[in-house]
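Trainee:
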Amino acid sequence: MKFHPLVASLFLTCAVAAAPLAQAYDHDGRDAQKYAAIAAQAKISLTDAIAKANAQTAGTPLEAELERERGVVVYKVKILNQNQIMKVLVDSQTGAIISSYIDR
C-alpha cells in the first residue's frame, strides 16, 4: 500500500477539526436521556408542529427544535417570511400557537 501524504493530511485535518465537537457531547449519555425525557412529553410530532407554525406564519420553514421553555415543552420553528425570520412557538401538548415574533 502506497503512502499518500495528501490523504494523510486531509484525514488529520478532519480529525483535529472534529475534536472540539466530540468534547461538546456528554460521553455518559446524559444529554440523550435529557432529550428523550423532553421528547416523551410531546404529544404532537415535529412535522405537525412545523405545519401548524407554517399555517400561522406563511413562508419557508428553516429550522425546528423541541425544548423546554419556562417549564413548558415547546417546538420552536423558524420560518423565513418576506426577508424576515419569524420564530413561532408551538405547544407540544396541544399544537396551539403560543407566540410568534421576529427573530433578532
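Numbers given in my numbering equal positions in the sequence shown, counted from 1, plus 55. C-beta atoms are modelled at their ideal positions from N, C-alpha and C, and glycine is treated no differently. All figures in this text were calculated on a predicted structure; none of them were measured in a lab.
1. What are the boundary residues of the beta strand (DSSP E) that includes residue 133?
2. If you follow the alpha helix (DSSP H) that residue 102 is in, where does it begin and where does it stop?
3. Would you be able to state if there are at least three C-beta pairs under 8 Å between the region 109-119 and the region 83-91?
4. Is the CB-CB distance between residue 121 and residue 128 below 8 Å?
5. Going by beta carbon distance, what residues of the same chain come within less than 7 Å of residue 190, once the five residues before and after it are set aside?
Mentor: Per the coordinate set shown:
1. 127-136
2. 101-111
3. no
4. yes
5. This structure cannot speak to residue 190, because the chain is shown only from 56 to 159.
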